[in-house]
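Undergrad: Chains as they are written, first to last, in my numbering: chain A, 948 to 1634; chain B, 519 to 615.
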Amino acid sequence: MTTNFLEEFDQESQELLKEIQFLDFDKVFQKQQLKENLFENAIGNKSFEERSNERALKSRFGENSLFYRDQGVQSTFHTMDKPNNSGLWRYKVESSSNASTLIDEYKRYDAILEQSEGKFDEKVDFIIFIEKDYNVSFGNVLLIKMSNKMINETFLNKDFIIACSKQLYEQNIEAFAKAIDFENAFKLEVEYRLSKNSGIIKSTPSEIISSISDQLSQKIRGLKIDRENWDPTLRSDRYKGESFENGINDAINNLHLVKYEITDYRKKLQVINTVSYSILEKPIFANTSIVFLQALERGIEKTIELLSKAREKGKASFAFLCGIVDGLIEFICGLLDIVFLILELIFSNASKTDAELELDYLQLREGLEEFIEAYLKYPDIISKEIEKMINAYEQARFKDPNLTIYEVAHNSGEDLVFAIDVVISLIVIVKSIAKSGQYLPKFTEWIDDVAKRGGKGREKYNVLVKSGRFARVTQEVMKEELGKDFINALKKMGNKEDDILEYFVKYHNENDFRFLNEIDQLLVKYSSLSKTEAVTLWGYTTNYFYWDLNSWLRQGINAHKTKEIAEILTQALAKMPKYNGIAFRALEIRPDVLGNFLKLHELGKVVKYEDFVSCGSNTKAAFFNKPDKNVFLRIEVKNAPIISDFADGIKIRGYDKEELLLFRGNNFEIRSVEKIEDNYLITIIQK
Amino acid sequence: MDNKEFLQKILDDRKKFWSEEYPKLSLEEKKRYWLASTHKGMRTQGEALADEYSEFSKKWLDFAKANEPKFDEIFEYVTQNLGFEFDWKEYNKRIKK
């Protein structure tokens, strides 16, 4: 509602009105300004009514002035139908010409609403506060205070507010109020009540999320297939494996129920997301969660299809399939628990008040987002793995003399779900958070339980979790670990800090978290090496900066860009163990540039390599067996740094040892050039 | 062994590798070999010639396909595990020549 209305009044009115501060509903509806003091800001120390009356009484018209209003509040009661004749919404209309009284009432605790059940009863479910119309109207107050029951209804039915607003409009409670005014008042109430959590209404979005989430996890976990169903040694009446077809149908049915529950939850989340929109970060994550849940539902469908095609291979294989279903259910619950935790934190804004919680939350969120990203990119990622598992039953089992063969088979199924790469990556993140047991008790209990067993999952888990202190890392962690000298040296080369951090975060996270953890270990082994030197050396062996560095050094250009990084790298190489002997390098040089290369390497010439040259300590390490190589360099080197411990090629891509990286600026004499057909062997000696 | 003999041995060993050793590798071993050799090859070409994709050529592809019936599957694995974004556009340019 705008306030440039004065020009519509006569001079006396303008004089009286111009100093008065009015409640500005445009501001009220601006979501980011929904704070309690907004009302105080709008109404000042005195209400409009009070100011108006003061002015009026001072005027010669006194109580007869157009601007003098009675301050009493009048109440009337009404009802509104609920859809499908399921009850009545009973409401009270409180009207007054005193806006500030109405606003105070609106904000105040109201015991009457606590009784609301939304049934056919006499209990009031909501209260409408209406500022009585003036002879001259310039923006009336219309507020609605809702009961818990009614607020909850807005989350369960996305059309609820519109339907109520329409009914109220049709009931013609106040002439000025249009359906959209009621709609805005309802939305304002949901925003205000939930964000402030003051007065009677206790259900914040966080609590609503928490309430439906808790129930969901509990329900889904309840769908796990307990042992009596798949272990015939218990001789239970509930054993389902006598008829494979019936047993598997029961398991499939459980997955149908899981999917149904997730769909139902997702729909509720969509409603919450539609109704409540005030917290900036929430919609992005909530939207992502909704898309993810939809993908998860499709993933469950695929798994159901796979299970329906499974063939009987004995009672143990039935237990194995039940293990897969149970593992999947546990993992889905774990995922949902993380989604709920993050949504709860987002909606409650708790992360803003507790630094530790905020960090944990960020770590969990990043981990989940990476999982979701991978999952949405390859939605079949888990069902494909499950397909492999179903076919790999015989290889999956492990020995445990303390368990029945059915328990082993069941555990093997669960274990295989646990060991899926994307699953275990998320598990590692969860376990890297000190308070994970507190935030996600059920999920961590399952992780601990499976990790104790003897399967493939435990092996992978031990490698990942026990490899060091860094699981999935954020840019903040990477910035700290790379150190400012390395980052600055790369920035000097023209790289942006964000790009540097993004690259190394991805590099660490996508390579089994080895980079930072192994740097940690290498700093112990190479005690004279600084962390900057270690990350620079390893960094050189990735493909982030070696290409520019070597290219510029070889051409003798951009010296100001390469100075720092080349210096750090040289310092690091000086601290590496040294190799003296023959080193090898294989190249493919196209016929059109081969002539130039051979000219540079003519017999008797001395060449100076200005760049950092890498080579292998044997022909295998240099891949002399590659079919396309036509130039083989055999180099006699002195004190060549051995960088195998830091080489991405050896540690991650599978090169043979040793990897050497020669100091730059060395002179080499060409001792021989041999040719057989189109292949050359050039023998070089370091001077 | 003189230089000529050494070069001849390199060429003989290479031939032997492809005719005798490589066919005996399991699919997993073949994947590991192609990953390591492609990664090393691209890196060495990048260091020496400032052109990582000079690792690939029509001759190279023809050889690879002639010696490995599952080459497409293996190379898909390789490109996903090189540790950097593989530039298929650049690759496709090279394998035509």
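Virtual Cβ for every residue (Gly too), placed ideally from N, Cα, C.
Per DSSP, what are the beta-bridge partners of S1043(A) in this structure?
TA: The partner list for S1043(A) (beta bridge, DSSP) reads V1020(A), E1078(A).
Undergrad: Quick check on this structure: which residue in A584(B), K542(B), I592(B) has the alpha carbon closest to the alpha carbon of K549(B)?
TA: Measuring from the Cα of K549(B), the nearest candidate turns out to be I592(B).
Undergrad: Inspect the beta-carbon positions of T1483(A) and I1515(A) and report whether they are closer than 7 angstroms.
TA: Yes, they are a contact pair.
Undergrad: Compare the C-beta of K1573(A) with all C-beta atoms of chain B and state if any pair is closer than 7 angstroms.
TA: Yes, K1573(A) counts as interfacial toward chain B.
Undergrad: Determine, for S537(B), whether the minimum Cβ-Cβ distance to residues of chain A falls below 7 angstroms.
TA: By this cut-off, S537(B) is not an interface position.
Undergrad: Do you know how far the Cα of I528(B) is from the Cα of M519(B)?
TA: Approximately 12 angstroms between the Cα atoms of the pair.
Undergrad: Quick check: L1628(A) and L567(B), are their CB atoms within less than 7 angstroms of each other?
TA: Going by C-beta atoms, L1628(A) is not nearer than 7 angstroms to L567(B).
Undergrad: Report back the beta-carbon spacing between L1089(A) and I1098(A) to the nearest angstrom; my notes put them in contact at under 8 angstroms.
TA: Not quite, the Cβ-Cβ distance comes to about 18 angstroms (not below 8 angstroms), so this is no contact.
Undergrad: Kindly list, in the order they appear in chain A, the residues whose Cβ is closer than 9 angstroms to that of F581(B).
TA: Near F581(B) (Cβ distances below 9 angstroms), the residues of chain A are P1574, D1575.
Undergrad: Using the Cβ count rule (16 or more neighbours within 10 Å means buried), how would you classify Y1308(A)?
TA: Per the 10 Å Cβ criterion, buried.
Undergrad: Return the first residue and the last residue of the alpha helix (DSSP H) that M1336(A) is part of.
TA: From DSSP, the alpha helix (DSSP H) with M1336(A) extends over 1328-1338.
Undergrad: Let me see if you follow: with CB-CB separation under 7 angstroms, is I1623(A) close to chain B or not?
TA: It does; some Cβ of chain B falls within 7 angstroms.
Undergrad: For V1578(A), is the classification buried or exposed, using 16 other Cβ atoms within 10 angstroms of its Cβ as the cut-off for buried?
TA: Looking at its Cβ environment, which holds 16 or more other Cβ atoms inside 10 Å, V1578(A) is buried.
Undergrad: In whole angstroms, what is the alpha-carbon distance linking R1213(A) and F1239(A)?
TA: If I take the Cα positions, the gap works out to 9 angstroms.
Undergrad: Show which residues of chain B have a CB atom less than 7 angstroms away from the CB atom of G1601(A).
TA: Ordered by position in chain B, the residues that pass the 7 angstroms Cβ test against G1601(A) are R550, L553, A554.
Undergrad: Shorter than 7 angstroms from the beta carbon of S1372(A) to some beta carbon of chain B?
TA: Answer no: the Cβ-Cβ gap between S1372(A) and chain B never drops below 7 angstroms.
Undergrad: What do you reckon, are the CB atoms on L1448(A) and K1472(A) nearer than 7 angstroms?
TA: Contact flag unset, no.
Undergrad: Give the secondary structure of K1622(A) by DSSP, where H, G and I count as helix, E and B as strand, and everything else as coil.
TA: Note: K1622(A) maps to strand in three-state DSSP.
Undergrad: Check the Cβ of T1630(A) against every Cβ in chain B and list those closer than 9 angstroms, keeping chain order.
TA: Per Cβ cutoff of 9 angstroms: N521, F524.
Undergrad: Which partner residues does G1528(A) have in the DSSP bridge list?
TA: The partner list for G1528(A) (beta bridge, DSSP) reads V1584(A).
Undergrad: Across which residues does DSSP place F1579(A) in a beta bridge pair?
TA: DSSP output for F1579(A) lists A1533(A), L1628(A) as bridge partner(s).
Undergrad: For a test of the three-state rule: what should DSSP assign to M1425(A), helix, strand or coil?
TA: Helix at M1425(A).
Undergrad: Using beta-carbon positions only, say whether L1288(A) and Y1386(A) come within less than 7 angstroms of one another.
TA: Yes. Within cutoff.
Undergrad: Should E523(B) go down as buried or exposed, given a rule of 16 or more other Cβ atoms within 10 Å for buried?
TA: When all chains shown are included, E523(B) counts as exposed.
Undergrad: Can you tell me whether DSSP reads Q1633(A) as helix, strand or coil?
TA: In this structure, Q1633(A) counts as strand in the three-state DSSP scheme.
Undergrad: So, does the CB of S1498(A) fall closer than 7 angstroms to a CB anywhere in chain B?
TA: Cβ-Cβ to chain B under 7 angstroms: yes for S1498(A).
Undergrad: Of all the CB atoms in chain A, is at least one closer than 7 angstroms to the CB of K527(B)?
TA: No - not a single Cβ of chain A is within 7 angstroms of the one on K527(B).
Undergrad: Roughly how far, in whole angstroms, is the beta-carbon of L1476(A) from the beta-carbon of A1519(A), given that I think they are within contact range, below 8 angstroms?
TA: About 7 angstroms; that satisfies the 8 angstroms criterion.
Undergrad: Just to confirm my understanding: we take Y1053(A), look at its own chain, exclude 5 residues before and 5 after, and list those with CB closer than 7 angstroms. What are they?
TA: Excluding sequence neighbours, Y1053(A) sits near F1076, L1090, K1092.
Undergrad: If you measure from the beta carbon of S1591(A) to each beta carbon in chain B, is any gap under 7 angstroms?
TA: Chain B, which has no Cβ nearer than 7 angstroms to the Cβ of S1591(A), makes this no.
Undergrad: For N1613(A), which residues does DSSP report across the bridge?
TA: Beta-bridge pairing links N1613(A) to Y1556(A).
Undergrad: Indicate whether at least one CB of chain A lies closer than 7 angstroms to the CB of K588(B).
TA: Taking Cβ atoms only, chain A never reaches closer than 7 angstroms to K588(B), which makes this a no.
Undergrad: When Cβ atoms are compared, which residues of the region 555-573 of chain B fall closer than 9 angstroms to chain D?
TA: No chain D is present in this structure, whose protein chains are A and B.
Undergrad: Mapping the DSSP letters down to three states, classify G1430(A) as helix, strand or coil.
TA: Coil at G1430(A), not helix or strand.
Undergrad: Residues of chain B with CB under 8 angstroms from S1561(A), in chain order?
TA: Simply R561, T562, E565.
Undergrad: According to DSSP, what are the bridge partners of T1391(A)?
TA: Beta-bridge pairing links T1391(A) to no other residue.
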